[in-house]
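Residue numbers (our numbering), protein chains in the order written: chain Z, 1097 to 1245; chain H, 1097 to 1245; chain C, 1097 to 1245.
All C-beta atoms, glycine included, are put in the ideal place defined by N, C-alpha and C.
Source: prediction; values computed, not measured.
See below for the structure under consideration.
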Amino acid sequence: MSPGSQPAKESRRAVTRTLRVKTSRRTELQDITSAVQRVIHEAGVASGVCHLYVPHTTAGITINENADPDVPRDIEAAMDRMVPKDGPYKHFEGNADAHIKATLTGVSQSVQIENGELQLGRWQGIFFCEYDGPRQREVRVRIVRDDVS
Amino acid sequence: MSPGSQPAKESRRAVTRTLRVKTSRRTELQDITSAVQRVIHEAGVASGVCHLYVPHTTAGITINENADPDVPRDIEAAMDRMVPKDGPYKHFEGNADAHIKATLTGVSQSVQIENGELQLGRWQGIFFCEYDGPRQREVRVRIVRDDVS
Amino acid sequence: MSPGSQPAKESRRAVTRTLRVKTSRRTELQDITSAVQRVIHEAGVASGVCHLYVPHTTAGITINENADPDVPRDIEAAMDRMVPKDGPYKHFEGNADAHIKATLTGVSQSVQIENGELQLGRWQGIFFCEYDGPRQREVRVRIVRDDVS
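Below you can see the structure in the form of structure tokens.
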């Protein structure tokens, strides 16, 4: 993943950035935790809510264990078993399963920020969930601070 | 869907509206994007977060492709296959599957707003997910602006 | 569930608390609605958004019916059928299914607050979703008020 963050649109209360994510497999959970944390550090936000949003229809975002890489691999395999690529689908593009997986996963997540750090649990990481890769993708990060006077 | 928005409860930072949604099938994804966008236009909010909430237990809300209507149809069919109506359920009302689908889909979503527009991806639309219709339903929209001085 | 809330870190706009949840079964939906509502009452917040976050990787949070206890039981059973404990998993700890269920459920939810009350639907309750219990768990509650001048 390349962080590739653009100049922020700064307002009094929100900081926004777009992260670039390059995936290499059809179904792939990719850890983007450090790129998200970097946005918060660069913005100098001490306390607030970090809204994460995936503007795609065949991808999602989830928070799960990033200590053992077998965990994201197991999630990828389970998604592919629950929603097979070749089902009785109508959608003509051959990626109906990816749309269904996106809905099961969700495209928005919110994580709290305290003391300038994402308040993730000890074993948690943030994963971009590719379901129709490989592709070039985006994640939109919006930090709404509550430390503004 | 009829927009049927009530007078807003305005405060300094939030605008709230309740949208009415009328569904016509038992399992039905219904596109509510334009009704949500209309709330933002009417409220005159330039920048912020749009919180969407479904106050029901047999329905949900998702964001997915609204260009090809086969995509929502495929999601409906996949949900009905993964969680069959007649499973080994205890709940006496005969709609246990609808409750399970609501949890798999989720009842809250957040979308960012910039320049007075929902920051949806190019192919994304917002769908109310009916799992026990036809019914009269509601979606609560809360816009928290960050362009307030 | 024991509420066990710590002293709040108060700022101008946000109130945060950590709830303690003690689960007693491997897969268990536990109603935490009244503990969340208590945080809002104690904080004296009239209007805003309540962000709920589970800092674990084998648990989640959902909103569903809490009138008939058969509904959470049916959701537990459906999750265990869709994602069996003994699948073809790589993760060595024997709880890969619990990680997958956490992603299907999600770890963050947002609920609106008006007049000092969670704006849940008539039949809705907030459930902590244990997928690898019994354990001692936490839920982080962040109330972002919009009634601050």
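Residue closest to residue i, alpha-carbon to alpha-carbon, out of the options
i               : options                               : result
residue 1133(C) : 1114(C), 1200(C), 1122(C) and 1214(C) : 1214(C)
residue 1166(Z) : 1188(C), 1162(C), 1156(C) and 1148(C) : 1188(C)
residue 1125(H) : 1113(H), 1174(H) and 1139(H)          : 1174(H)
residue 1112(H) : 1156(H), 1127(H) and 1137(H)          : 1137(H)
residue 1169(C) : 1232(C), 1206(C), 1180(C) and 1123(C) : 1123(C)
residue 1179(Z) : 1161(Z), 1227(Z) and 1135(Z)          : 1227(Z)
residue 1212(C) : 1182(C), 1243(C), 1114(C) and 1233(C) : 1243(C)
residue 1218(C) : 1161(C), 1121(C) and 1114(C)          : 1161(C)
Reduced DSSP category for residue i - H, G, I as helix; E, B as strand; rest coil
i               : result
residue 1136(Z) : helix
residue 1097(Z) : Note that residue 1097(Z) scores a pLDDT of 43, beneath 50, so its modelled location is shaky and nothing firm can be said.
residue 1187(H) : coil
residue 1155(H) : strand
residue 1169(Z) : helix
residue 1177(Z) : helix
residue 1115(C) : strand
residue 1196(Z) : helix
residue 1110(Z) : strand
residue 1143(C) : coil
residue 1130(Z) : helix
residue 1206(Z) : strand
Whole-number beta carbon distance between residue j and residue i, since they are thought to touch under 8 angstroms
i               : j               : result
residue 1216(H) : residue 1151(Z) : 7 angstroms
residue 1229(Z) : residue 1119(Z) : 4 angstroms
residue 1159(Z) : residue 1203(C) : 5 angstroms
residue 1130(H) : residue 1241(H) : Rounded, the Cβ-Cβ distance is 21 angstroms, inconsistent with contact.
residue 1128(Z) : residue 1117(Z) : 6 angstroms
C-beta contact flag for residue i and residue j at 9 angstroms
i               : j               : result
residue 1141(C) : residue 1209(C) : yes
residue 1176(H) : residue 1164(H) : no
residue 1171(C) : residue 1201(H) : no
residue 1139(H) : residue 1231(H) : no
**OP:** Report yes or no: do three or more beta-carbon pairs, one from the stretch 1231–1240 of chain C and one from the stretch 1140–1154 of chain C, lie closer than 8 angstroms?
**Re:** yes
Subject >> Sufficient close CB pairs (3 or more, under 8 angstroms) joining the stretch 1106–1123 of chain Z to the stretch 1222–1230 of chain H >> reply: no
Original post:
Between the stretch 1127–1142 of chain C and chain B, which residues of the former have a C-beta closer than 8 angstroms to a C-beta of the latter?
Top reply: No chain B appears in the structure shown, which is made up of the protein chains Z, H and C.
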